[in-house]
Structures are given as structure tokens and as C-alpha cells.
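*Asks:* So for the sequence shown, this note's numbering puts the first residue at 1; every next one is plus one. C-beta atoms are modelled at their ideal positions from N, C-alpha and C, and glycine is treated no differently. Model, not experiment: these values are computed from the prediction.
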Amino acid sequence: MRKEGEIEMRRVYSKDERGRTYYELDEAQRKLIDIYRPERPICNTTFVIDMTEIDSLRKEGKAPFSLYSFILKAAADTLANFPILGGRWEGKDKIICSPQGEADIGGPIQVGDTIGFFWIERANQRNLPEISEILMRNLSEARSGRAGWGDRSVKKPGMVVSNVGTIGEVDWGSGPVASFSTSILGICAVMEKTKVIEGQIQIRKLMNAVLLWDHRAMMANTSVEFLTEFKRRLENPLLLWEESSRP
Numbered sequence: 001m002r003k004e005g006e007i008e009m010r011r012v013y014s015k016d017e018r019g020r021t022y023y024e025l026d027e028a029q030r031k032l033i034d035i036y037r038p039e040r041p042i043c044n045t046t047f048v049i050d051m052t053e054i055d056s057l058r059k060e061g062k063a064p065f066s067l068y069s070f071i072l073k074a075a076a077d078t079l080a081n082f083p084i085l086g087g088r089w090e091g092k093d094k095i096i097c098s099p100q101g102e103a104d105i106g107g108p109i110q111v112g113d114t115i116g117f118f119w120i121e122r123a124n125q126r127n128l129p130e131i132s133e134i135l136m137r138n139l140s141e142a143r144s145g146r147a148g149w150g151d152r153s154v155k156k157p158g159m160v161v162s163n164v165g166t167i168g169e170v171d172w173g174s175g176p177v178a179s180f181s182t183s184i185l186g187i188c189a190v191m192e193k194t195k196v197i198e199g200q201i202q203i204r205k206l207m208n209a210v211l212l213w214d215h216r217a218m219m220a221n222t223s224v225e226f227l228t229e230f231k232r233r234l235e236n237p238l239l240l241w242e243e244s245s246r247p
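1. Just checking, does the stretch 129-139 make contact with the stretch 184-195 on the three C-beta pairs under 8 Å criterion?
2. Round the Cβ separation of residue 78 and residue 233 to the nearest angstrom and send it over; I've been treating them as touching at under 8 Å.
3. By how many angstroms is the C-alpha of residue 66 removed from the C-alpha of residue 215?
4. Exposed or buried, which one is residue 221 when buried takes at least 16 other CB atoms within 10 Å?
5. Can residue 109 and residue 116 be called in contact, C-beta distance under 7 Å?
6. Rounded to the nearest angstrom, what separates residue 72 and residue 157 at their Cα positions?
7. Mapping DSSP to helix, strand and coil, what is residue 84?
8. Report buried or exposed for residue 237, applying the criterion of at least 16 other Cβ atoms within 10 angstroms of its Cβ.
9. Could you pull the DSSP bridge partners for residue 204 from this structure?
10. Can you look up residue 221 in the DSSP assignment and give me helix, strand or coil?
11. Shortest alpha-carbon distance to residue 239 belongs to which of 61, 207 and 70?
12. Hey, quick one: how far does the beta strand (DSSP E) through residue 94 stretch, first residue to last?
13. Among all the DSSP beta bridges, which residues are the ones paired with residue 22?
14. Do residue 185 and residue 161 have their C-beta atoms within less than 7 Å of each other?
15. Nearest by alpha-carbon distance to residue 204: which of 25, 131, 230 and 50 is it?
16. Report yes if the C-beta distance between residue 230 and residue 123 is below 7 Å; otherwise report no.
17. Would you please state the rounded distance, in angstroms, between the beta carbons of residue 290 and residue 53? I believe it to be under 8 Å.
18. Going by DSSP, name the residue or residues bridged to residue 45.
19. Do you know offhand how far residue 218's Cα is from residue 121's?
20. Mind pulling the alpha helix (DSSP H) runs of 4 or more residues that sit fully within the stretch 46-76?
21. How would you write the range of the alpha helix (DSSP H) that residue 29 sits in, first residue to last?
22. Can you tell me whether DSSP reads residue 129 as helix, strand or coil?
23. Using 7 Å as the threshold, is the C-beta distance between residue 36 and residue 97 below it?
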């Protein structure tokens, strides 16, 4: 059972004098900073996610939302239990995180050489229609040349989800993580591939999700547990949709 103030795993979060939720690195993590100084150790963990069920729901008209909407909803709901992955560095051993039960999420929107950025506050508390509407509005602004970066603070806690798979058949990738961020989630293209299910080879729609994370802020189990839960949500989209539809 988790103790009061303990949001996920073994981390105990506190409030600073400004009322912000933060995590102060423990002794083990401080040793990693000493080991890796002056380099910044960005690691990656990649999971293969079966998107076949989501694709079927969309084609049948049961959940008329983009794949990206599902991805953002699943990521936000999962992030609420792993706030360290949306953390923002403040100094060398303090990470500012979202308040308990909240998860902001955002990402780039690119149309040709035009780029904008959307940011959804408390995305885990929004449903799929709301998230889809925000995406469509921002995409429309990007297409009309009015893409912006919103009025969000660059260093506000939250996770950036880069949907590079919409550009082409990207199967894997790596990119920069902002100096103040603890992670970034990269979404690759959904492609038809073979998968063995109960001893039978089937053609499924599979997608790689690449999580880039700062080793100074966390150990590998954090990324694995986050992606495990993220994968579970996306591979059970009807449950995700039903939960999102509840009043």
C-alpha cells in the first residue's frame, strides 16, 4: 500500500514553498549524476504495441477519433501515475512535477515547413472527444498558417508526445530531449507486420513507441512500467473509450 505523499513506485513527492509538487533525488540517483557528469545520459526504451483493435473500432465507426487522440489519452492517463516522466529539472537535484492526479500533455503539429505546438492541461481528466477537438483545432490553425506555441510556459511539467509516424513509415527513431525535461515519447508509424498469437502467424497493425528518458532522474524500471501500462491501455481501446465516455 502506498504511503501518504507517495505517488508512484518508491518516490515520495513533497511541496515546496511555492506550493509546487517536486521530487528531490535520493542518494542513489545523485550518484548517477556524479557518474555521468558532465554528459547527460539519455536512454531509450521501445515497446511494440498492437493497434489492430483501435483500427477496427475506428473503421466500424464505434470510436470516430484519430489514432493520435487515442495515443494522447492513453499517455495522459498513464502519466498521472508516473509524474516523474513529465518532470522539469530545477537545479541539479530537484525535479518539479505535476500535482497528484493531474497530467498535462502536448506535442508538435507540423504541416509542411510550418510548425506549431499544442498543450492540453489535465489531459487525463478529459475525454476522447475533447482531446480530439483540441487536436483538430490546432491542426486547422497549422494548415492556415496560424500555428502557434500557445500561452503555456515552456518549463511547465508535462509530457511531450512526438507523433513522427504521421510523416512516413518511421519504424524507430531518436531525438533531442529538452534540457529541462526528464523524457519525451516518440510514436512511430502503424504498419502491417506479422505477429504470433496462440501459435498462429497473423497480420496485425503494429506500432513502436519509443520513450527517451533521462537516467539521472530515474532507473530503467520507470520507463518499462510506464510503457507496459501505456501498451495495456492502447491494446484495450474499448475499455479506454468506455472509461472516457463516463460522465
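*Replies:* In brief:
1. no
2. 6 Å
3. 32 Å
4. exposed
5. yes
6. 16 Å
7. helix
8. buried
9. 193
10. helix
11. 70
12. 94-97
13. 14 and 96
14. yes
15. 50
16. no
17. Outside the displayed span of the chain (1 to 247) sits residue 290, for which this structure offers no information.
18. 211
19. 24 Å
20. 52-59
21. 27-36
22. helix
23. no
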